[in-house]
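> This is the structure I want to talk about, given as structure tokens.
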Amino acid sequence: MRILSIETSCDDTAITIFEAKGGIENASFKILANNSNSQIKIHRPHGGVFPALAKREHIKNLPIILEKSLKEALGHPMSKWTSDVPSIDIIVVASGPGLEPSLWSGVVFAKELAEKWDIPLMPVNHMEGHILSVFGKGVGKFKIKKLKMPILSLLVSGGHTELVLTRKWLKYEIIGQTLDDAVGEAFDKVARMLGLPYPGGPEISKLAEKLRKIRYSHEGSIAQADEPSIAIHQQVNMRAGSGRIPDFSLPRPMLHSKNFDFSFSGLKTAVLYLIRDLSKEHSNILQNDKIKSAVALEFENAAIESLTYKTKKAIEKYKVKTLIVAGGVSANNHLRNEMKRLIKEMSNKNTTAKAGQVKLLFPPKELTMDNSIMIGIAGYLNYIKNKKKVPEINSIKAEGNLKLK
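Going by the numbering used here, the first residue of the sequence shown is number 61, and it counts up by one from there.
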């Protein structure tokens, strides 16, 4: 079966053409073409994604990327398909969640193609795509590997922070989510406070990593600490050019709440107040890389500790056998390292996660961001799961707040 996959949930326009075969637990894929266009440079002056601009760029880029993909996959220019139907068996498109103007761009484009070529159209939940992205590759062939249940997925991005439980393959239960800002959104907003460019997450991590490396490079001068807040106190007390940076720590919101929900709005506000207070003694804080690195490190430690702690509790409660960490923030090196450390520690202790029982999966870093490969995987599996039944084209719509189920 040949699949055309379309992704426009935010600011990346992407199209992939696959060949796929197999059932929902043993499907295999071969990528024939995979093309995308990033809008980062367009949105950077706004400090974030501007929906009207994103929609305009999607509408402009979709035909261009489609033509390139069809030529790569099938060997013919787009002009050939004005009268002929390309050898595509099904179109799949991200229908939500995401920015509705962006989503509608892809949905309308996909509907027009499906009607023109008279082929089925399958809507896809963008977050399910992130879960399944752990199986994908940027090029070549890959297949679905059977996983032990239950599966816990930590989905972390600019728009979502969720803990999703899977007891039965392709069935989902959201057991925890952010009550306000998503963790990726908090990274971007803190970066803006520090005068860093959009997208802010990678910039925060770069600054944090510089200071984190100092911790390990000073032999014996900075002790290993059980709590990140203690470690940061030791780190920021180092001389910073003109003087000593004061000790500070940031809260870990909802760390010990009796549920699996998250909150990052208060943490973001705490950073705002911290910068304000530091500015009283360091008027040039936004020009002082050492102070900015200390703030970035403590913020990253707080955010990642919150994610890791709640994930640990969910693994213990639900006796999880497979942990998936996916979404844009899953590219964060500190998050990856902390999740690896968590699974190793749980395996070495007398817990529900004994040695070898919990398998940890991340997507390849190129598939952590929004992409049409993950949408194609999800679309094909759902097509097979639903016995090749698809909804009426006119019933398909963009849903910005679409939930997993």
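Glycine included, every Cβ here is placed at the ideal spot set by N, Cα and C.
Ignore the nearest five residues each way along the sequence and tell me which others in K445's own chain have a CB closer than 7 Å to its CB.
Cβ within range, chain order: I84, L230.
> Out of curiosity, what's the CA-to-CA distance linking V168 and S309?
Going from the Cα of V168 to the Cα of S309 covers about 48 Å.
> How about I211 and L383: are their beta carbons less than 9 Å apart?
The answer is yes: Cβ separation under 9 Å.
> Which of the three DSSP states, helix, strand or coil, is assigned to S366?
Of the three classes helix, strand and coil, the one that applies to S366 here is helix, per DSSP.
> Within 10 Å of its beta-carbon, does D430 have 16 or more other beta-carbons around it, so buried, or fewer, so exposed?
So D430 ends up on the buried side.
> Within 10 angstroms of its Cβ, does H186 collect 16 or more other Cβ (buried), or is it exposed?
Classification for H186: buried.
> Which complete alpha helix (DSSP H) runs does the region 81 to 166 hold, if anything under 4 residues is left out?
Segments of the alpha helix (DSSP H) lying fully in the region 81 to 166: 100 to 103, 111 to 134.
> Could you please give me the residues that DSSP links to D72 through a beta bridge?
For D72, which the question treats as bridged, DSSP gives the partners S98.
> In the structure shown, what three-state DSSP assignment does F202 receive?
Looking at F202 - three-state DSSP - the assignment turns out to be strand.
> Taking the straight line between their C-alpha atoms, what separation do you get for K171 and V216?
Taking the straight line from one Cα to the other gives about 29 Å.
> My output table needs one value for Q347: the three-state DSSP class, helix, strand or coil.
Note: Q347 maps to helix in three-state DSSP.
> Assuming S155 and K115 make a contact with CB atoms under 8 Å, what is their CB distance in whole Å?
About 15 Å separates the two Cβ atoms, so there is no contact after all.
> Could you give the distance in angstroms between the alpha-carbon of L31 and the alpha-carbon of G82?
Not covered by the structure: residue 31. The range shown for the chain is 61 to 465.
> In the structure shown, what three-state DSSP assignment does F359 receive?
Reduced to three states, the DSSP call for F359 is helix.
> Would you grab the beta carbon distance between L421 and I403 for me? Rounded to a whole angstrom, and I think it's under 8 Å.
Contact doesn't hold; Cβ gap of about 11 Å is too wide.
> How would you call I435, buried or exposed, if buried means at least 16 neighbouring beta carbons within 10 angstroms?
It is buried - the Cβ of I435 has at least 16 other Cβ atoms within 10 Å.
> Mind checking V152: buried by the 16 CB within 10 Å criterion, or exposed?
Its Cβ being crowded by 16 or more others within 10 Å, V152 is buried.
> Would you report the Cα separation of R104 and K273, rounded to the nearest angstrom?
Answer to the nearest angstrom: the Cα atoms are 29 Å apart.
> Nearest to K90 by CA position, among K203, E127, G107, S69, is which residue?
Of the candidates K203, E127, G107, S69, the one whose C-alpha sits nearest the C-alpha of K90 is K203.
> Starting from Q237, follow its DSSP beta bridges and name the residues at the other end.
Answer by DSSP bridge pairing, in chain order: E222.
> Given this structure, state the Cα-to-Cα distance separating S65 from K377, to the nearest angstrom.
Approximately 37 Å between the Cα atoms of the pair.
> What's the gap between the Cα of Q387 and the Cα of I150?
Correcting the residue type first, residue 387 is Gly in the shown sequence and not Gln. Looking at the two C-alpha atoms, the distance is approximately 25 Å.
> Using only alpha-carbon positions, find the residue among P157, A80, A87, N94 that is nearest to E459.
Among P157, A80, A87, N94, the Cα nearest to that of E459 is on P157.
> For K419, write down the residues that DSSP places opposite it in a beta bridge.
K419 pairs with T382.
> Using only the alpha-carbon positions, how far apart do I63 and S147 sit?
Approximately 9 Å, taken between the alpha carbons.
> Taking N97 and T73 to be in contact with their CB atoms under 8 Å, please state how far apart those CB atoms are, rounded to whole angstroms.
5 Å between Cβ atoms; contact.
> For the alpha helix (DSSP H) containing M187, list its first residue and its last residue.
Note, M187: alpha helix (DSSP H), 186 to 192.
> Count the other CB atoms, across all protein chains shown, that sit within 10 Å of the CB of L133; report buried if there are 16 or more and exposed otherwise.
One detail in the question is off: residue 133 reads as Ala in this sequence, not Leu. Buried, by the Cβ-count rule.
> When the Cα of W177 is compared with those of D337, I453, L113, which residue comes out closest?
The candidate whose alpha carbon is nearest that of W177 is I453.
> For E279, collect the residues of the same chain with a Cβ closer than 6 Å to its Cβ; drop the 5 residues on either side in sequence, then sort them by chain order.
With a pLDDT of 40 at E279, under the threshold of 50, the predicted position of this residue should be treated as unreliable, and no value is reported.
> Which same chain residues, not among the five before or five after I456, have their C-beta less than 7 Å away from its C-beta?
Cβ neighbours of I456 beyond the five flanking positions: S155, V167, K171, L181, P183.
> Could you tell me the distance, in whole angstroms, from the CA atom of V532 to the CA atom of V145?
Shown here, the chain extends from 61 to 465; a query on residue 532 therefore has no answer.
> In three-state terms, what does DSSP make of S213?
Note: S213 maps to strand in three-state DSSP.
> List the whole-angstrom C-beta distance separating D248 from P259, where the pair is believed to meet the contact cut-off of C-beta under 8 Å.
Yes, D248 and P259 are in contact; Cβ-Cβ is about 6 Å, under 8 Å.
> Determine the closest residue to I179 out of K449, E222, E188, with distance taken between C-alpha atoms.
It is K449.
> If we ignore side chains and look at the alpha-carbon of each, how far apart do E269 and H118 end up?
So the alpha carbons of these two residues sit roughly 34 Å apart.
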